[in-house]
Amino acid sequence: MSEQAGQNNEELNEEVNEKPEEKGAEQPVKAHHEHRAEHEHAEIKALKDEVERLKQENAGLDDSYRRKVADFDNYRKRMIKQMEDTAAESTRKFLIELLPIIDNFGRALKSTEKSRDFDQLYNGLCVTNKGILHFFDHIGVKPMDSLGKEFDPNFHEAVLMEEKEDIPFDKTVVEELEKGYLLGDSVIRHSKVKVAKKKQS
Numbered sequence: 016m017s018e019q020a021g022q023n024n025e026e027l028n029e030e031v032n033e034k035p036e037e038k039g040a041e042q043p044v045k046a047h048h049e050h051r052a053e054h055e056h057a058e059i060k061a062l063k064d065e066v067e068r069l070k071q072e073n074a075g076l077d078d079s080y081r082r083k084v085a086d087f088d089n090y091r092k093r094m095i096k097q098m099e100d101t102a103a104e105s106t107r108k109f110l111i112e113l114l115p116i117i118d119n120f121g122r123a124l125k126s127t128e129k130s131r132d133f134d135q136l137y138n139g140l141c142v143t144n145k146g147i148l149h150f151f152d153h154i155g156v157k158p159m160d161s162l163g164k165e166f167d168p169n170f171h172e173a174v175l176m177e178e179k180e181d182i183p184f185d186k187t188v189v190e191e192l193e194k195g196y197l198l199g200d201s202v203i204r205h206s207k208v209k210v211a212k213k214k215q216s
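Numbering (my numbering), first residue to last: 16 to 216.
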């Protein structure tokens, strides 16, 4: 065997001996890359699952919000309708109570068309006025009694003023020009009054 052939044989043996070592070294690297790829794939899948879950949760919340808005809108419409119905019923009852008074007033006028009898007209007006006061009492409206009382801007509106000596208060209501009315404790209309101040001596 020549020297050249022996050298080639040794180099061949070295390559054969080295290749398995290199192959064995590549396997852990490959396994590492595969493990990392699997881990990344798992993370991506987990993120996609979380995104899908959040989408569904958001859709549920959006649906719930829309339902609540619709329910509130229906509730608001029902309340408006109920208030309108209540107001209409109150107006109807008010008119039912008022119509007999209007009828009495019409009869009083009709009775004087031919005779022009003042006494008959007066009696008819008294009946009508009594009916009005009864109606007011029924719905809780009270006329104010202002004469002789001390002037109170919460109830009275001073239209005229004069000076007097023998009055109980420095500002006394001595004349009622237009009657005021209360609904419960609330003033519907202030009494327009004439007020007397004590004369300065």
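Just so it is clear, CB atoms sit at the ideal spot from N, CA and C, and this is done for glycine as well.
The model shown is predicted, which means the values in this text are computed figures rather than measured ones.
query, result
"Cβ pair residue 164, residue 202 closer than 8 Å", "no"
"Integer-rounded CB distance, given that residue 179 should sit under 8 Å from residue 8", "The question about residue 8 has no answer, for the chain in this structure spans 16 to 216."
"DSSP three-state assignment for residue 96, whether helix, strand or coil", "helix"
"Where the beta strand (DSSP E) through residue 192 begins and ends", "186-193"
"Distance between beta carbons of residue 191 and residue 206, contact taken as under 8 Å", "6 Å"
"Same chain, Cβ closer than 7 Å to residue 159, five either side skipped, listed in chain order", "170, 194, 195, 196, 197, 206"
"Cβ contact check for the stretch 119-128 and the stretch 80-89: 3 or more pairs under 8 Å", "no"
"N- and C-terminal bounds of the beta strand (DSSP E) containing residue 157", "156-158"
"Range of the contiguous beta strand (DSSP E) that encloses residue 147", "Here residue 147 belongs to no beta strand (DSSP E); instead the alpha helix (DSSP H) covers 133-153."
"Classification of residue 73 by the beta-carbon crowding that lies within 10 angstroms, buried from 16 upward", "exposed"
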